[in-house]
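As they're listed, the protein sequences go chains H and F. Here the first sequence is numbered in our numbering, starting from -3 and rising by one per residue. Here the second sequence is numbered in our numbering, starting from -3 and rising by one per residue. Here's the structure, in C-alpha cells; my notes come after.
Protein chains: 2
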Amino acid sequence: MTEVTVRAPATVSNVVVGFDCLGFALELPFDEVTVRIIDESRVRIIHHDDFDLPTEPEQNVAGVALSALIKTAELTHGFEVEITKNIMPGSGVGSSSASSCGAVFAANQLIGDRFTKHDLTELAMLGEQLASGSRHADNAAPCIYGGFVLVRSTDPLDITEIEHPPLWATVIHPQIEVKTSESRAILPSQVPLKDAVRNWSNLAAFVTALSSGDYDLMARSMEDFIVEPVRQTLIPKYEEVKAACLEAGAIGGGISGSGPSMFMLSDNINTADEVADAMESVFSNSEIERNVYVSAISRDGVTIM
Amino acid sequence: MTEVTVRAPATVSNVVVGFDCLGFALELPFDEVTVRIIDESRVRIIHHDDFDLPTEPEQNVAGVALSALIKTAELTHGFEVEITKNIMPGSGVGSSSASSCGAVFAANQLIGDRFTKHDLTELAMLGEQLASGSRHADNAAPCIYGGFVLVRSTDPLDITEIEHPPLWATVIHPQIEVKTSESRAILPSQVPLKDAVRNWSNLAAFVTALSSGDYDLMARSMEDFIVEPVRQTLIPKYEEVKAACLEAGAIGGGISGSGPSMFMLSDNINTADEVADAMESVFSNSEIERNVYVSAISRDGVTIM
C-alpha cells in the first residue's frame, strides 16, 4: 500500500463544562485526507479548498505533524498529503486537528501501524501548537479516538475514553471571525474559588452522566460559570440560540471550542433536526452566513475511507 | 415499633480532588444512635461520651435535624435520641453528620419510612449548617446513601451515587484541633484559572476511574492544586505521612474533610493495613495522640443495627 485516504472528523472541545480537558468527535463535517509515500524525504502538501492555507510543511498543521512522524519513525521516504477541506478553518470545530490527525493516521497506515492512538495524538498536537500556540489535545484526542475523550493532562499526555449513551449533535457555525488568541485573551487569569467549585461539580456530574447514560443529569450539569459567560459576548445571538435550542428539546450545549460555532446535544435525531431548525430560525433575519450540521457522535474518530 | 438503633458511619469529604462536592462513607468508625418516640412534642438528647456536646435541641446537630423532621412531617409526638459517639467531634470524618443523619434516619423508620434519602439528607444538612455555618452535604449525603456520592449542587440539592471498585480506606486522626472555620478562612477566594483546570481535569478523571474501576487512573488523578497545598500546613507531618503511605502501596489520598484526619485508599485490605503501619511509623516518635482506622467503604451508609 502506497496511498490511503481517510475521513478526519470535526470535533467539539470544551463541551461547556470541560474547558481545556473534554471533547467529542462528530460524524459530520469531515475532511478527506489522502497520504501517499514519495521517494524524497520531505512532506508535500496539496490543498483542495479556497482557504488559502499555507503549503510549506513547517507552516502547515499536517506538515509539522507528518515531519515529526517521519523523524520519530526514522523513515527514509516522505509523504505527499492531499487534503479536501470541508471543515472551515477558524470555525471552532477542530479544523486544524482534522488535518493533522488525518495526516498522521493515514501515514501510520502506510508504515505498518507502528504508532498507537496515544502516539498519533501527540504527533497531531504539534499541529495544534502551530495553529493556536498551545499544545492542547481536546480536539486531537477525540479526532483520533472517537467518542467522548477526557484529557486529564497534556504533559504527560493522559487520555481517557468516556462511555456515552446515544447522542446527536447539532452544530451551527455563524461565519464571523473569532480568533482563538482573542477568545483566550479575554479569559480571566484568576477565578472565584466558589465558581471553580460549581464548574468542577458540574463537570464531575456530566462525565458521570455520560458513563451512566443519565440524560437528565447531563442536562442539569451543562452549565459553565467561568468561560462561557465571558466568551459568549463574542458570539452573535448566543443566548437566543441557546434558549431556542433548549425549547426545541436539546439536552444542553454552548460554545464549541473557542467559538464561533455553537453545539447542542440531543437524545434522538428528530430532536437534533428540530434543534437545527431552531438555530436557523434565530438567524432567519440575519445577514450572517452560517452552516448547520446534524451529526451522530463519531464512535471511531479518523477512519479509512 | 417505638424505638430503633442505627449505626451512622464516619465519612470522608473532599476526597482530595472533589472539594465541596465529593464524599464517601466508611464502615468504621460509626456512632450508635437510638431514637425512641416520646409523647411530648419535643426532642430530648442523651449523649454517652466525654465530648461535652450541647444537649439543647436547638444547639445540637441531631436536635435541629429532628426538630425539622417533626415539623415537616407534622408529628404530634417527639423523639428521645441517645447517641453513643465513637467519632470524635472535630476529627474531620463527618462526626456531626453521623449524629444528624443517624437521628433522622432512625426517626424516619419509626414513622413508617415517609422520607426519601434525598429528604433525609436535606434534613441532616440543617445539622451541618449548625456545626460549620455552611449548608454542605458532602458528608451527610454519603452518610445517608453509602458509597461514593457526588453533590453537584446544594441548592437545589442534587445527589449522584458513583459506582466504585473494591476499595479500603486507612484513616489517621492526629488529635490536634483544626477548626473548620480556620481551615475555611485560609482558602484563597480567587484561584488561577490554570489550577482550576488542572483540578477539574483530575476530578473528572477520578470519578471516571471510580466508575470504570481503573485504579491506575485513580492514582494519577488524586492531586489537588488548590486546597491541599494551603490546608496541609495545618496538619502535622502531612507530607511525610503521604509519602510513607504511597510507598506502602496506597492508591492515593490526602486530607479528610477540612482535617486534621488524613485518609488513604488501597485496592486491598492487606495494603490498607500496611498503610496503617506506615502512618503509625511516621508518628512513632511523636507525642501527638492519634487514632488509626482501616475500613472498607460502606456500601449502605446508615443502617439499622
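All C-beta atoms in this analysis are idealised placements derived from N, C-alpha and C, irrespective of residue type, glycine included.
Under the three-state DSSP convention, the category residue i falls into
i: D154(H); result: strand
i: R180(F); result: helix
i: S149(F); result: strand
i: D250(F); result: Going by the sequence as given, residue 250(F) is Gly instead of Asp. Strand, per DSSP.
i: L62(F); result: helix
i: F101(F); result: helix
i: P225(H); result: helix
i: E54(F); result: helix
i: V187(F); result: strand
i: F47(F); result: coil
i: D220(H); result: coil
i: S138(H); result: A small correction: the amino acid at residue 138(H) is Pro; Ser does not occupy that position in the sequence shown. Three-state result, P138(H): helix.
i: D212(F); result: helix
i: D109(F); result: coil
i: G28(F); result: Position check: residue 28(F) holds Glu in this sequence, whereas Gly was assumed. E28(F): strand per DSSP, three-state reduction.
i: A69(H); result: coil
i: S280(F); result: coil
i: A272(H); result: helix
i: N82(H); result: coil
i: M303(H); result: Because residue 303(H) is not part of the residues shown, which for chain H are -3 to 301, the question remains open.
i: F15(H); result: coil
i: S91(H); result: helix
i: K175(H); result: coil
i: E159(F); result: coil
i: R194(H); result: helix
i: K233(H); result: coil
i: S130(H); result: coil
i: T204(F); result: helix
According to DSSP, residues forming a beta bridge with residue i
i: F20(F); result: V8(F), F144(F)
i: N287(H); result: H169(H)
i: I41(H); result: V77(H)
i: A292(H); result: W164(H)
i: I33(F); result: F75(F)
i: D115(H); result: According to DSSP, D115(H) bridges with nothing at all.
i: T299(F); result: R3(F)
i: L261(H); result: A165(H), G248(H)
Assumed close pair residue i, residue j - CB separation to whole angstroms, cut-off 8 Å
i: R180(H); j: S254(H); result: 7 Å
i: V226(H); j: V187(F); result: 16 Å between Cβ atoms; not a contact.
i: P85(H); j: S91(H); result: 5 Å
i: S96(H); j: G123(H); result: 3 Å
i: R32(H); j: T(-2)(H); result: 6 Å
i: F20(H); j: F144(H); result: 5 Å
i: F101(F); j: I41(F); result: With 8 Å as the limit, F101(F) and I41(F) do not qualify as a contact, their Cβ atoms being about 16 Å apart.
i: P256(F); j: I222(F); result: Not really, about 19 Å apart at Cβ, beyond 8 Å.
With 16 other Cβ atoms within 10 Å as the buried cut-off, status of residue i
i: D35(F); result: exposed
i: M331(F); result: Only positions -3 to 301 of chain F appear in the structure, and residue 331(F) is not among them; the question remains open.
i: Q228(H); result: buried
i: K175(H); result: exposed
i: D134(F); result: buried
i: T204(F); result: buried
i: E118(F); result: buried
i: T7(F); result: buried
i: K113(F); result: buried
i: E224(F); result: buried
i: E243(F); result: exposed
i: K238(F); result: buried
i: N198(F); result: buried
i: S185(F); result: exposed
i: P162(H); result: exposed
i: G59(F); result: buried
i: E173(F); result: exposed
i: P152(H); result: exposed
i: N266(F); result: exposed
i: E178(H); result: exposed
Closer than 7 Å: residue i CB and nearest the ligand ZN heavy atom
i: S149(H); result: Looking at this structure, you won't find the ligand ZN or any other ligand, since it has none at all.
ask   = Hey, is the region 237 to 255 of chain H in contact with the region 146 to 156 of chain H, meaning 3+ C-beta pairs nearer than 8 Å?
value = no
message = Under 8 Å, with one C-beta from each stretch per pair, do the region 62 to 72 of chain F and the region 101 to 110 of chain F reach the 3-pair mark?
response = yes
query = Does the count of Cβ pairs from the region 268 to 275 of chain F and the region 276 to 290 of chain H closer than 8 Å reach three?
reply = no
inquiry  = Count Cβ pairs between the region 72 to 90 of chain H and the region 43 to 50 of chain H that sit closer than 8 Å; are there 3 or more?
reply    = Flag = yes, the region 72 to 90 of chain H and the region 43 to 50 of chain H touch.
ask   = Just checking, does the region 294 to 301 of chain H make contact with the region 8 to 17 of chain F on the three C-beta pairs under 8 Å criterion?
value = no
message = Check whether the region 50 to 63 of chain H and the region 161 to 169 of chain H touch, using three or more Cβ-Cβ pairs below 8 Å as the test.
response = no
inquiry  = Could you check whether the region 206 to 220 of chain F touches the region 12 to 32 of chain F, counting it as contact only if at least three pairs of C-beta atoms, one from each stretch, sit closer than 8 Å?
reply    = yes
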